[in-house]
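Right, one structure below, let's go through it.
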Amino acid sequence: MRPIIFEDDLSQLLDQFEPSMLFDGSTVDELERWQDRFRSTVVELLGLRPERSDLSLEFLTETDCGDHVRHRIRYQTELDVFVPAYLLVPKELQNRTPGLLCLHGHSQFGKDGVAGIDNSPERKEEIVTKGYNFGQKFAQQGYVTLMPDLRGFGERRSNYPNPRVDYCMRNYLCATLMGTTVVALHLCDLQAALDVLQSLDYIDSEMLGCAGISLGGRMAMMISAFDSRVKIAVPSGCLSMYQERYQALKKCGAQLIPGLLQYGDTPEIFSLIAPRPMVIEWGLRDRLAPHEWAERALVRVRKAYGAAGASDQLFVDQFDGGHQFNMKVASDVLDKWRNGGL
Numbered sequence: 055m056r057p058i059i060f061e062d063d064l065s066q067l068l069d070q071f072e073p074s075m076l077f078d079g080s081t082v083d084e085l086e087r088w089q090d091r092f093r094s095t096v097v098e099l100l101g102l103r104p105e106r107s108d109l110s111l112e113f114l115t116e117t118d119c120g121d122h123v124r125h126r127i128r129y130q131t132e133l134d135v136f137v138p139a140y141l142l143v144p145k146e147l148q149n150r151t152p153g154l155l156c157l158h159g160h161s162q163f164g165k166d167g168v169a170g171i172d173n174s175p176e177r178k179e180e181i182v183t184k185g186y187n188f189g190q191k192f193a194q195q196g197y198v199t200l201m202p203d204l205r206g207f208g209e210r211r212s213n214y215p216n217p218r219v220d221y222c223m224r225n226y227l228c229a230t231l232m233g234t235t236v237v238a239l240h241l242c243d244l245q246a247a248l249d250v251l252q253s254l255d256y257i258d259s260e261m262l263g264c265a266g267i268s269l270g271g272r273m274a275m276m277i278s279a280f281d282s283r284v285k286i287a288v289p290s291g292c293l294s295m296y297q298e299r300y301q302a303l304k305k306c307g308a309q310l311i312p313g314l315l316q317y318g319d320t321p322e323i324f325s326l327i328a329p330r331p332m333v334i335e336w337g338l339r340d341r342l343a344p345h346e347w348a349e350r351a352l353v354r355v356r357k358a359y360g361a362a363g364a365s366d367q368l369f370v371d372q373f374d375g376g377h378q379f380n381m382k383v384a385s386d387v388l389d390k391w392r393n394g395g396l
């Protein structure tokens, strides 16, 4: 008799798993009631959040980048925890300009590529192959953009002395032992980032958006779902489901929410953003978002937007590319949003 392999058993369970809180309504009222219940459930799953402190925003340096100025800043999210970030400000500011939070993916350089910093071959490769400099490009289109280092990346990254250690998973385990999650800590930082944007007198505090690639796309999804100050979302390279990713051993502790699959998956979190406008970027050759699972996720998100009467506010940019930020549809949609055309 063949022994029962634990990993095979878990994979089979994941494949057959049916979450208990999938949206099954068709009206605005049904959607809003479901959103309240599901949002509250996920907040409990995320665990404890640190107590927020004052921002203590500091402008450290500035660099003339031609059509915009790059400020290196830092701000406090909890006592003695400071976030390093870049703030890109167009030189020709329109009155009360929209602000965009732009989030990096799994990169040892964190925010650098998103801000267009290409002072090493590795940074240049990220920009060329993954379209990483979307924060810079949006600034060149007239938006004020803010790109922080997420915890564990860029200036907030250790030296990774042991290449055999999965530091994302290590950080996740440490956080869960203390009753929280890395996602909850990211959210704390991102809410502070929105505070930073709202504190700047040249930004329209009612016109804030968030864009991100890969891990940053996942966090763009999260902050948009849990903070209504985000009025438009552009998640890229993250149209995948936990049910598939962990079955395929594509793990990342920086994105894990313990117990989520009991109730829902990423399509349900995307659905919390409805009816606000959202552009989901999906590269058809993105190996981290298999076609079958991405289509399955989209069906569930479209159902929520349909119930909200906002099918025309959900945009899907399916492009011939891989795990990269595309910008084409997002630029057009953001321009319409900025000018009141959505």
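The numbers in the working numbering rise by one with no breaks, and the one at position 238 of the sequence shown is 292. The C-beta atom is built at its ideal place from N, Cα and C for all residues, glycine as well.
Residues of its chain near residue i, where Cβ-Cβ distance is below 7 Å and the 5 sequence neighbours each way are ignored
{"i": "residue 191", "result": "381"}
{"i": "residue 391", "result": "286, 331"}
{"i": "residue 281", "result": "245, 248"}
{"i": "residue 71", "result": "297, 315"}
{"i": "residue 121", "result": "144, 145, 194"}
Where residue i falls, given that 16 or more other Cβ within 10 Å makes a residue buried
{"i": "residue 320", "result": "buried"}
{"i": "residue 241", "result": "buried"}
{"i": "residue 200", "result": "buried"}
{"i": "residue 203", "result": "buried"}
{"i": "residue 152", "result": "buried"}
{"i": "residue 205", "result": "buried"}
{"i": "residue 273", "result": "buried"}
{"i": "residue 181", "result": "buried"}
{"i": "residue 59", "result": "exposed"}
Simplified DSSP state of residue i, which is helix, strand or coil
{"i": "residue 259", "result": "strand"}
{"i": "residue 286", "result": "strand"}
{"i": "residue 140", "result": "strand"}
{"i": "residue 426", "result": "This structure cannot settle anything about residue 426, because the visible part of the chain is limited to 55 through 396."}
{"i": "residue 59", "result": "coil"}
{"i": "residue 266", "result": "strand"}
{"i": "residue 332", "result": "strand"}
{"i": "residue 127", "result": "strand"}
{"i": "residue 122", "result": "strand"}
{"i": "residue 162", "result": "coil"}
{"i": "residue 371", "result": "strand"}
{"i": "residue 273", "result": "helix"}
{"i": "residue 306", "result": "coil"}
{"i": "residue 77", "result": "coil"}
Sequence-distant residues of its chain with Cβ nearer than 6 Å to residue i (five each side left out)
{"i": "residue 267", "result": "159, 290, 291, 379"}
{"i": "residue 306", "result": "222"}
{"i": "residue 326", "result": "89, 93, 279"}
{"i": "residue 238", "result": "100, 101, 103"}
{"i": "residue 387", "result": "333, 369"}
{"i": "residue 209", "result": "138, 203"}
Residues of its chain near residue i, where Cβ-Cβ distance is below 8 Å and the 5 sequence neighbours each way are ignored
{"i": "residue 367", "result": "328, 329, 330, 331, 332, 359, 396"}
{"i": "residue 106", "result": "131, 132, 242, 245, 246"}
{"i": "residue 67", "result": "none"}
{"i": "residue 226", "result": "235, 236, 307, 308, 310"}
{"i": "residue 345", "result": "338"}
Inter-residue spacing [alpha-carbon to alpha-carbon] between residue i and residue j
{"i": "residue 275", "j": "residue 93", "result": "13 Å"}
{"i": "residue 309", "j": "residue 145", "result": "36 Å"}
{"i": "residue 104", "j": "residue 124", "result": "30 Å"}
{"i": "residue 98", "j": "residue 118", "result": "44 Å"}
{"i": "residue 172", "j": "residue 184", "result": "13 Å"}
{"i": "residue 295", "j": "residue 312", "result": "14 Å"}
{"i": "residue 150", "j": "residue 73", "result": "43 Å"}
{"i": "residue 154", "j": "residue 251", "result": "8 Å"}
{"i": "residue 350", "j": "residue 91", "result": "22 Å"}
{"i": "residue 167", "j": "residue 177", "result": "6 Å"}
{"i": "residue 370", "j": "residue 142", "result": "27 Å"}
{"i": "residue 156", "j": "residue 385", "result": "13 Å"}
{"i": "residue 377", "j": "residue 317", "result": "28 Å"}
{"i": "residue 30", "j": "residue 253", "result": "An answer regarding residue 30 cannot be provided, because it is not within the stretch 55 to 396 covered by the chain."}
{"i": "residue 136", "j": "residue 189", "result": "21 Å"}
Exercise. Looking at C-beta atoms only, is the number of pairs between the stretch 239-251 and the stretch 120-138 that lie closer than 8 Å three or more?
Worked result: Yes: the two stretches touch, three or more of their Cβ pairs being nearer than 8 Å.
Contact between the stretch 313-328 and the stretch 345-359 is defined here as three or more beta-carbon pairs at a separation below 8 Å; is this criterion met?
yes
Examine the Cβ distances between the stretch 270-290 and the stretch 327-344 and report whether three or more of them are shorter than 8 Å.
yes
Notebook entry, point to check: Okay, do the stretch 76-90 and the stretch 257-271 touch, 3+ Cβ pairs below 8 Å being the bar?
Noted result: no
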